[in-house]
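Numbered per this note's numbering, the sequence shown spans residues 1 to 264.
Even for Gly, the Cβ is constructed at its ideal location relative to N, Cα and C.
As the structure is a prediction and not an experimental result, all values here were calculated from the model.
Inspection log for the structure reproduced underneath, given as structure tokens.
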Amino acid sequence: MSSELFSLKGKTALITGATHGIGMAMAMGLGKAGAKIVINGRSSQEKIDRAVETYQAAGVEAYGYRFDVTDEDQVVVAVDKIEQEVGPVDILVNNAGIIKRVPLLDMPVADFEEVIKTDLTGVFTMTRPVARKMVERRAGKIINICSMMSELGRNSVGAYAAAKGGLKMLTRNMATEWAKHNVQVNGIGPGYFATSQTEPIRVDGHPMNDFIINRTPASKWGDPDDLQGAAIFLASNASNFVTGQVVYVDGGILATIGRPAGED
């Protein structure tokens with residue numbers, strides 16, 4: 001019974017921005033739980049194809065489509081094509097996003113707007129055509145990838161925090177509007193993870209590395225695979241009465257006022 005609750009066999013999951021990093025880790029988890037995986041990217045078809053090969057080598061049925069989540073016309077065309085060629089999208093994971101680390105007083109308005117357009121408006125643009133079909137079918141799971149910056153501020157990430165804070169509330173409003181149609185909408189808020197992007201700072205003596213290890217109660221960076229359990233739960237029947245929530249997978253950072261992990 002418990003295995004059936006978490007099984008995604010027969011489901012199709014669309015995960016945006018899943019050519020690498022935490023997006024790939026979550027998509028891999030959904031695939032190993034039985035789902036067909038559809039990934040997207042906007043940089044190059046070659047990058048998407050390489051990612052698809054990685055999934056397939058791991059025994060996951062995977063497909064890749066190139067489109068920009070901020071372009072409504074591209075999204076509508078892509079969703080229709082995916083549903084025709086792969087199958088109805090049962091699970092949508094809005095993972096695509098960018099960050100620009102610039103203090104607010106120095107940040108050009110164009111850069112601020114680009115972050116908001118990608119990380120917040122892009123989720124709205126990506127979700128609507130998928131959600132419309134879910135509402136018609138009266139079934140669907142939507143997972144928005146939020147952030148600890150959905151709750152906290154930090155130097156030089158004001159635009160990102162504004163977008164992710166907005167995404168938390170967009171998640172709650174999507175949940176409010178679509179729950180009656182049996183569509184559950186939740187978020188995952190990752191902490192600090194060991195990815196290729198963070199590799200340059202994950203060395204002993206680097207100030208950011210020391211900060212993360214000391215301020216995380218778990219005293220370590222997260223492994224991207226640590227996100228798979230939350231993703232599978234929110235994508236499966238196990239979460240059928242869970243909606244409008246953000247699950248923070250952060251090693252305990254948000255549970256503390258910031259005392260270093262080694263202090264009593």
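Q) What three-state label does DSSP hand residue 62 in the structure shown? A) Here residue 62 corresponds to residue number 62 of the sequence shown, with the count starting at 1. Note: residue 62 maps to strand in three-state DSSP.
Q.
For the stretch 212-227 against the stretch 163-172, do three or more pairs of beta-carbon atoms, one drawn from each stretch, fall closer than 8 Å, so that the two count as touching?
A. no
Q) Opposite residue 293 in the DSSP bridges: which residues? A) Past the boundaries of the shown model lies residue 293; the chain is included only from 1 to 264, so the question cannot be answered.
Q) Are the beta-carbon atoms of residue 160 and residue 115 separated by less than 7 Å? A) Reading the sequence shown from its first residue, position 160 is the one you call residue 160. Reading the sequence shown from its first residue, position 115 is the one you call residue 115. Yes.
Q: Look at the alpha carbon of residue 139 and the alpha carbon of residue 59, and state the distance between them as a whole number of angstroms.
A: The residue given as residue 139 occupies position 139 in the sequence shown. The residue given as residue 59 occupies position 59 in the sequence shown. Straight-line Cα distance between these residues: approximately 27 Å.
Q.
Just to confirm my understanding: we take residue 82, look at its own chain, exclude 5 residues before and 5 after, and list those with CB closer than 7 Å. What are they?
A. The residue labelled residue 82 in the question sits at position 82 within the sequence shown. Contacts found: 14, 38, 65, 89.
Q: Note down the Cα distance separating residue 147 from residue 84, rounded to an integer number of angstroms.
A: One-based indexing of the sequence shown puts residue 147 at position 147. One-based indexing of the sequence shown puts residue 84 at position 84. So the alpha carbons of these two residues sit roughly 33 Å apart.
Q.
Excluding the 5 residues flanking residue 87 on each side, which residues of the same chain have their C-beta closer than 8 Å to its C-beta?
A. What you label residue 87 is simply residue 87 of the sequence shown in a count that begins at 1. Excluding residues within five positions, the ones whose Cβ falls inside 8 Å are 12, 36.
Q: Measure the CB-CB distance between residue 249 and residue 230 and report whether it falls below 7 Å.
A: Start at 1 with the first residue of the sequence shown, and residue 249 comes out as number 249. Start at 1 with the first residue of the sequence shown, and residue 230 comes out as number 230. Yes, they are a contact pair.
Q.
At the level of alpha carbons, what is the spacing between residue 235 and residue 253?
A. Position 235 of the sequence shown, counting from 1, holds the residue named residue 235. Position 253 of the sequence shown, counting from 1, holds the residue named residue 253. Residue 235 and residue 253 have their C-alpha atoms roughly 25 Å apart.
Q. With DSSP run on the structure shown, which of helix, strand or coil describes residue 186?
A. Indexing the sequence shown from 1 puts residue 186 at position 186. Three-state result, residue 186: strand.
Q. Can you give the Cα-Cα distance for residue 113 and residue 55, rounded to whole angstroms?
A. On the sequence shown, residue 113 is found 113 positions in, with the first residue counted as 1. On the sequence shown, residue 55 is found 55 positions in, with the first residue counted as 1. Looking at the two C-alpha atoms, the distance is approximately 33 Å.
Q: Give, in chain order, every unbroken run of the beta strand (DSSP E) that is at least 3 residues long and sits entirely within the stretch 130-191.
A: 140-145, 183-190
Q | C-alpha distance - residue 180 paired with residue 174, whole-angstrom precision | A | Position 180 of the sequence shown, counted from the first residue, corresponds to residue 180. Position 174 of the sequence shown, counted from the first residue, corresponds to residue 174. So the alpha carbons of these two residues sit roughly 11 Å apart.
Q. Helix, strand or coil for residue 121 per DSSP?
A. What you label residue 121 is simply residue 121 of the sequence shown in a count that begins at 1. In this structure, residue 121 counts as helix in the three-state DSSP scheme.
Q. Quick one: what's got a C-beta closer than 6 Å to residue 153's C-beta in the same chain, skipping five residues either side?
A. Here residue 153 corresponds to residue number 153 of the sequence shown, with the count starting at 1. The answer, listed in chain order, is 161.
Q: Measure the C-alpha to C-alpha separation of residue 134 and residue 183 and round it to an integer number of angstroms.
A: Residue 134 sits at position 134 when you count from the first residue of the sequence shown. Residue 183 sits at position 183 when you count from the first residue of the sequence shown. Answer to the nearest angstrom: the Cα atoms are 7 Å apart.
Q: Measure from the alpha carbon of residue 232 to the alpha carbon of each residue in 219, 91, 151, then state which is nearest.
A: Position 232 of the sequence shown, counting from 1, holds the residue named residue 232. It is 91.
Q.
If I measure Cβ to Cβ from residue 164 and keep anything under 6 Å in the same chain, skipping five residues before and after, which residues do I get?
A. As a first step, residue 164 must be located in the sequence shown, where it is residue number 164. Around residue 164: 146, 147, 149, 150.
(Q) How far does the beta strand (DSSP E) with residue 41 in it extend, from its first residue to its last? (A) Position 41 of the sequence shown, counted from the start, is the residue given in the question as residue 41. From DSSP, the beta strand (DSSP E) with residue 41 extends over 36-41.
Q. Would the beta-carbon of residue 51 fall within 7 Å of that of residue 67?
A. Locating residue 51 in the sequence shown gives position 51, where the first residue counts as 1. Locating residue 67 in the sequence shown gives position 67, where the first residue counts as 1. Not a contact, by the Cβ cut-off of 7 Å.
Q: Ignore the nearest five residues each way along the sequence and tell me which others in residue 245's own chain have a CB closer than 6 Å to its CB.
A: Position 245 of the sequence shown, counted from the first residue, corresponds to residue 245. The residues are 186.
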